[in-house]
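Everything in the sequence shown is counted per this note's numbering, starting at 4 for the first residue and increasing by one.
Report on the following structure.
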Amino acid sequence: MRIAAIDVGNDALKGYFGGLDEHMYIPNVIAEEEEERQTYDYEKSILNGLHIEIASSSLDRGKGIYTVGSLAATKQFNDELTSNSEKANSDQTLVLLLTSLAVDATKHFKEENGVVEATYFLSTGLPLDETKKKRRKQFQEKLLHSQHEITFLQTPQVQGKKVRIKFEEVLVNIEGFGAFIDLTTHENGATKNEEMLERTVLINDIGGISTDSAVINPNGDIDNNASIGIDEGISTYLDEIAGKVYDEYKYEFRSRPLVANVLTGKNHERKNHIKVDGKPVSIQSIVDPVLTRAAKTQYKHIQKIWRTAPSLDDAYLIGGGSLLLKPYLERINEQENEFPLHFVGETDEQEAVWTIARAYYKLLHIYANQKNITLDAAAGE
């Protein structure tokens, strides 16, 4: 048995496997594909060339052939989550999750008779709003009581490998509360940021298609009345930017991750720039008005929560969306209420991106300690 802590975010899957040293990042994009895909040469890494056939009774469609992640993001016709998507009921969520486990399984479980049989202790989660709709048990049972088989087709290094996955146990956590655990708990279970435990805090996770908002009281309980998310994240604004860029420059972004890469460019000179006829062109004039509107929507949401829970002391903004909107939210906040907003990961972007996955890893260990389950062996095969 092997442990896995996986956050299937609206933008990407982030997962830890075996421990915090082994992690995986897969953009949340899939595309239907033929059994033989057209390619001149295979990609150099497994994650850049995910082409799989999946059969699982947990899927509404039962089975399918897909490209997944970075490879799917380059396809003209691909699937990304929409605002009416629920993680618990989405085939796409399951395809991403099972694919990541299958990739890990090829490295850590033995192949016998042409099949890799892999068993996992999984810690994952759902947004607070889906939790309120009693989706946790449904999602857990879907994973626990289904047969899952993934075959790698034209995928570099693992072509032809077949993986069967079963789960020893599945923890379905609450996303917002998970982030609170990450902010207040070290990997070894010791407490950190003790002052947070004595305050009423808002954990606001700005995702791709939704914003998950959890108000947590000093006793650690979630305020159910004030903890109300919204069905809006950053994705529709990325789509709008992509459309405006195409209209003006005939430059096509084929997926949201490709847009986000331009907006968050590590190289400052390339940030908010595209190449047109081989020359860098700034799209700042397109980006700023769109992301300002996105920030205004988020700020109104925060204001509403603060009115509902006036005893709030601090707001912690997490997720890739929060860092993307950070300068715009800060500008609005200076002009308006000047709420105590804290951007998790502002000095280290990876801190924000991996918050939820890291939380699921810690929650898995907390659960195991409570149940006297030894996880040392589960960290490996």
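Don't be surprised by glycine CBs; every beta carbon is placed ideally from N, CA and C.
Short Cβ contact (7 Å threshold) for residue i with residue j
| i | j | result |
| --- | --- | --- |
| ALA8 | TYR364 | yes |
| LYS169 | THR154 | no |
| ARG257 | THR42 | no |
| ALA298 | ILE237 | no |
| LEU97 | SER61 | yes |
| GLU39 | ILE68 | no |
| PHE180 | ALA217 | yes |
| GLU178 | GLY128 | yes |
| GLY223 | GLY322 | no |
| VAL293 | TYR240 | yes |
Three-state secondary structure (DSSP) of residue i
| i | result |
| --- | --- |
| ASP280 | coil |
| PRO343 | coil |
| VAL262 | helix |
| MET4 | coil |
| ILE244 | helix |
| ILE231 | coil |
| PHE142 | helix |
| TYR319 | strand |
| ARG202 | coil |
| ARG40 | coil |
| TYR249 | helix |
| LEU174 | strand |
| ARG273 | coil |
| THR311 | helix |
| ARG64 | coil |
| VAL293 | helix |
| GLU114 | strand |
| GLU152 | strand |
Span of the alpha helix (DSSP H) around residue i
| i | result |
| --- | --- |
| GLU333 | 323-338 |
| ILE184 | 178-187 |
| VAL106 | 94-111 |
| LEU131 | 131-135 |
| THR358 | 358-373 |
| ALA76 | 73-76 |
Beta strand (DSSP E) segment containing residue i, residue limits
| i | result |
| --- | --- |
| TYR388 | Given that the chain is displayed from residue 4 to residue 384, the structure contains no residue 388 and the question cannot be resolved. |
| ILE286 | No beta strand (DSSP E) holds ILE286; DSSP gives it neither H nor E. |
| LEU53 | 53-59 |
| ASP215 | 214-219 |
Cβ neighbours of residue i in the same chain (closer than 8 Å, five flanking residues each side left out)
| i | result |
| --- | --- |
| VAL290 | ILE244, LEU266, ASN275 |
| GLU272 | PRO283 |
| HIS345 | ASP317, ALA318, TYR319, LEU320 |
| SER285 | ASN275, HIS276 |
7 Å Cβ shell around residue i - same chain, five flanking residues per side excluded
| i | result |
| --- | --- |
| LEU53 | THR70, VAL71, GLY72, LEU74, THR102, THR158 |
| ASP63 | ASP94 |
| LYS303 | none |
Can at least three beta-carbon pairs, one atom from the stretch 140-156 and one from the stretch 205-215, be found at a separation below 8 Å? no
Touch check for the stretch 98-117 and the stretch 352-360: three-plus C-beta pairs under 8 Å? no
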